[in-house]
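Engineer: Going by the UniProt record's numbering, the first residue of the sequence shown is number 1, and it counts up by one from there. The beta carbon of each residue, even a glycine, is placed where N, CA and C say it ideally should be. Everything numeric in this text was worked out from a predicted model, so none of it was measured.
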Amino acid sequence: MEQFSGEQFLHQKDPRLHTSEPVEHEQERKSLADEETTQKPAEKIADWLKVIEKTHTGHRDDPRVLERVKDYYHKEFVIKPEEVPESYFENQKRMAREQGHGDVEIDQGVRDQNIEVIISDQKSTLDNWVDYFTSADADAYPTWAKYWAFNSMLKLSGYDKENKTFAKRDKGTVAPYPDLNREALAYVIDKIIKKVNKEAIPEQADNPEFKKLLDRANFGKLYAYAIEKITPTEENELLNTKGEWIKYPQNSDHMPLVESLQGHGTGWCTAGESTAQAQLQGGDFYVYYSYDKQGQPTIPRVAIRMQGGNIGEVRGIGPEQNLDPYIGEVVEKKMSEFPDGKAYKKKSADMKRLTEIDKKNLAGENLNADDIRFLYEIDEKIEGFGYQRDPRIEEIRGKRDTKKELSFLLKIPQDLISISKEEALKGGIEFHYGSLYLESLTSAEGLTLPKKINGSLDLGRLTSAEGLTLPKKINGSLDLESLTSAEGLTLPETINGRLYLGRLTSAEGLTLPKT
1 MEQFSGEQFL HQKDPRLHTS EPVEHEQERK SLADEETTQK PAEKIADWLK VIEKTHTGHR
61 DDPRVLERVK DYYHKEFVIK PEEVPESYFE NQKRMAREQG HGDVEIDQGV RDQNIEVIIS
121 DQKSTLDNWV DYFTSADADA YPTWAKYWAF NSMLKLSGYD KENKTFAKRD KGTVAPYPDL
181 NREALAYVID KIIKKVNKEA IPEQADNPEF KKLLDRANFG KLYAYAIEKI TPTEENELLN
241 TKGEWIKYPQ NSDHMPLVES LQGHGTGWCT AGESTAQAQL QGGDFYVYYS YDKQGQPTIP
301 RVAIRMQGGN IGEVRGIGPE QNLDPYIGEV VEKKMSEFPD GKAYKKKSAD MKRLTEIDKK
361 NLAGENLNAD DIRFLYEIDE KIEGFGYQRD PRIEEIRGKR DTKKELSFLL KIPQDLISIS
421 KEEALKGGIE FHYGSLYLES LTSAEGLTLP KKINGSLDLG RLTSAEGLTL PKKINGSLDL
481 ESLTSAEGLT LPETINGRLY LGRLTSAEGL TLPKT
């Protein structure tokens, strides 16, 4: 492998990258710091990528850093309200006519709602990629490969299943960013790394189409190819949970693990050679395979990655790598074999409870008070095994009357419950469902907060506690990062998340929460 081969690949893909402002800025910084500089394109790019790596992955213990990274990408790559084209609304009118609703006028209120949905969807789908590439799970990939994949993804729009292609994104694109399929991504990055490092790629010899794609190194086309290559397990196959656990020992050959996963559509990045190799260097790896139609254990259902002697993560084949609805008992039983298995008991119990509620909901059965309390996470968060929250939570809630159920549960009138920022700040609210992000406020003047917030409260730019009355209970975190004095500050009795007071110069008069 040649030094800077990956950076040279980036230079070939974008000959202007080494003269771009951020790359040049790093050389200027090094010059001012009396550090050695370079004018070689690949080396300049390598220096800049070190900065990218540090800023994106160097502060994983502080979630606020990742939020700032996301904010940057939102400002740069998420469509602005004024950029939503008129053609989008004309298309909405056309669809309404074709569906028999006649000529529908879209007033400003409906426009604003549609724009809000467009922006929210773009943010959330972009965040999926940022979350993954900044996580430890992506550490197996070199930074140049992550940059290539991410930067290429930013140019893609929706996926056309019929033509098996991604549309190109422009300033007026309203579609969300492409779905993140970790297995397909691992396949693409693995092959590009091998190509750049001039390693043998057997598929090229047998597949001229694939060789052509790889030679051009077009991420969108390679990613589309990989998505079509993998096949998710059919729902009826998931009903059968009989199978076997297979252990892949630490430092063993990673290829048997890779070959057992590829083509099954698990979505696991472990299906990629680089990731599987790195993960087996960290510890043993267990996979539960259910039996196929021939009675062979070939269908991957659950993965347990060990980090040394402890469980590193547990992943399923459900959405966002949560467990599928049928496999919970198999996982729960396995957890008892590990020293730290008890830490995963709550996740297993939560998924079992959520599955029961989901079945009730689908059957049209009434939920009892305990079900509602669990579903709305009144006492504690629902924990799962996936990268993101189990989507069933929002799916079930979305079909229910949130205020009505919270009112019934908490014995609070509906008009004293808020579910939006606007409602929460109107005054007189007893209970706010969700988090409140008020990071733009620098003064508490005129601010009236709910008595209880069932989420986090962000007042990160507030410089003074004068006039500030905080809720009695916050079920998430409280950010008061910019406060330098505790004068006049009365904290909530209970904060169930983190408390940020990083710039406080004196603790005089400060009374911390009871819990």
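Which residue from I412, R400 and E445 puts its Cα closest to that of H432?
Structural biologist: It is I412 whose Cα lies nearest to the Cα of H432.
Engineer: Measuring alpha carbon to alpha carbon, tell me which residue in I118, N114 and V188 is nearest A149.
Structural biologist: It is V188.
Engineer: Among K155, E228 and L185, which has the Cα closest to the Cα of E162?
Structural biologist: The residue with the shortest Cα to Cα distance from E162 is E228.
Engineer: Suppose contacts are defined by Cβ-Cβ distances below 8 Å. Is I299 in contact with S290 by that definition?
Structural biologist: Cβ atoms of I299 and S290: closer than 8 Å.
Engineer: Within 10 angstroms of its Cβ, does D103 collect 16 or more other Cβ (buried), or is it exposed?
Structural biologist: Counting Cβ neighbours within 10 Å, D103 comes out exposed, since fewer than 16 surround it.
Engineer: Starting from A175, trace the alpha helix (DSSP H) in both directions and tell me its first and last residue.
Structural biologist: From DSSP, A175 is part of no alpha helix (DSSP H); its letter is neither H nor E.
Engineer: Since P406 sits in a beta bridge, which residues does DSSP pair it with?
Structural biologist: The amino acid at residue 406 is misidentified as Pro; the sequence shows Leu. The partner list for L406 (beta bridge, DSSP) is empty, contrary to what the question assumes.
Engineer: Roughly how many angstroms separate the alpha carbons of T463 and I192, rounded to a whole number?
Structural biologist: The straight-line gap from Cα to Cα measures roughly 49 Å.
Engineer: Beta-carbon within less than 6 Å of N361's beta-carbon, same chain only, minus the 5 sequence neighbours each way: which residues are those?
Structural biologist: Around N361: I396.
Engineer: Using beta-carbon positions only, say whether K421 and K452 come within less than 8 Å of one another.
Structural biologist: No, Cβ-Cβ distance for K421 and K452 is not below 8 Å.
Engineer: Could you tell me the distance, in whole angstroms, from the CA atom of A224 to the CA atom of Y159?
Structural biologist: A224 and Y159: Cα-Cα distance of roughly 8 Å.
Engineer: Specify, as a first and last residue, the run of the alpha helix (DSSP H) that N310 falls within.
Structural biologist: Looking at the DSSP string, N310 is not in any alpha helix (DSSP H); the run it does join, the beta strand (DSSP E), is N310 to G316.
Engineer: If you run the structure through DSSP and keep just helix, strand and coil, what is T143?
Structural biologist: Helix at T143.
Engineer: Quick check on V110: buried or exposed, where buried means 16 or more other Cβ atoms within 10 Å of its Cβ?
Structural biologist: V110 is exposed by the Cβ-count criterion.
Engineer: For H432, write down the residues that DSSP places opposite it in a beta bridge.
Structural biologist: Bridge partners of H432: S418 and I453.
Engineer: Note the first and the last residue of the continuous alpha helix (DSSP H) segment covering A226.
Structural biologist: Element bounds for A226: F219 to K229.
Engineer: Pairs of beta-carbons, one from the region 72-91 and one from the region 108-124, closer than 8 Å: are there three or more?
Structural biologist: With the cut-off at 8 Å, the region 72-91 and the region 108-124 touch.
Engineer: CA-CA distance, P202 and T143?
Structural biologist: So the alpha carbons of these two residues sit roughly 25 Å apart.
Engineer: In terms of DSSP beta bridges, what is R305 paired with?
Structural biologist: According to DSSP, which records beta bridges pairwise, R305 is partnered with F285 and E313.
Engineer: Considering just the uninterrupted stretch of the beta strand (DSSP E) at Y159, what are its terminal residues?
Structural biologist: Counting along the chain, the beta strand (DSSP E) containing Y159 begins and ends at L156 to D160.
Engineer: Which first and last residues belong to the beta strand (DSSP E) in which T165 is found?
Structural biologist: Looking at the DSSP string, the run of the beta strand (DSSP E) that includes T165 is T165 to K168.
Engineer: Could you tell me the distance, in whole angstroms, from the CA atom of Y88 to the CA atom of Y177?
Structural biologist: So the two alpha carbons sit approximately 17 Å from each other.
Engineer: Taking only beta-carbon atoms, is N368 less than 8 Å away from chain C?
Structural biologist: Note that chain C does not occur in the displayed structure, where there is just one protein chain.
Engineer: Where do the ends of the alpha helix (DSSP H) carrying Y132 lie?
Structural biologist: Run containing Y132: Q108 to F133, per the alpha helix (DSSP H) assignment.
Engineer: With L438 and L468 assumed to form a contact (beta carbons below 8 Å), what rounded beta-carbon distance in angstroms separates them?
Structural biologist: That belief does not hold up - the Cβ atoms of L438 and L468 are roughly 11 Å apart, past 8 Å.
Engineer: Expressed to the nearest angstrom, what Euclidean distance is found between the alpha-carbon atoms of M351 and P41?
Structural biologist: Near 50 Å, if we compare the C-alpha coordinates of P41 and M351.
Engineer: What's the C-alpha gap between Q39 and K30?
Structural biologist: Those two C-alpha atoms are separated by around 12 Å.
Engineer: First and last residue of the alpha helix (DSSP H) that includes W268?
Structural biologist: Unbroken run through W268: none, as it is neither H nor E.
Engineer: If you compare alpha carbons, which of E383, D14, R392 and K333 is closest to A217?
Structural biologist: Measuring from the Cα of A217, the nearest candidate turns out to be D14.
Engineer: Please report the Cβ distance between residue 562 and L489, rounded to the nearest whole angstrom; I am assuming they are in contact, meaning their Cβ atoms lie under 8 Å.
Structural biologist: Because the chain here runs from 1 to 515, residue 562 falls outside it and cannot be looked at.
Engineer: What does L499 pair with, by DSSP beta-bridge criteria?
Structural biologist: Bridge partners of L499: L478.
Engineer: Ordered along the chain, which non-local residues of its own chain (more than five positions away) have a Cβ less than 8 Å from that of G263?
Structural biologist: Within the same chain, G263 has close Cβ partners K229, I230 and T231.
Engineer: In the DSSP assignment, what residue or residues form a beta bridge with E244?
Structural biologist: For E244, which the question treats as bridged, DSSP gives the partners Y289.
Engineer: Would you report the Cα separation of S336 and G328, rounded to the nearest angstrom?
Structural biologist: Rounded to whole angstroms, S336 to G328 spans 13 Å at the Cα level.
Engineer: Can you give me the C-alpha to C-alpha distance between S20 and L156, rounded to a whole angstrom?
Structural biologist: In a straight line, the C-alpha of S20 is about 22 Å away from that of L156.
Engineer: Between the alpha carbons of F166 and G220, how many angstroms are there, rounded?
Structural biologist: Those two C-alpha atoms are separated by around 6 Å.
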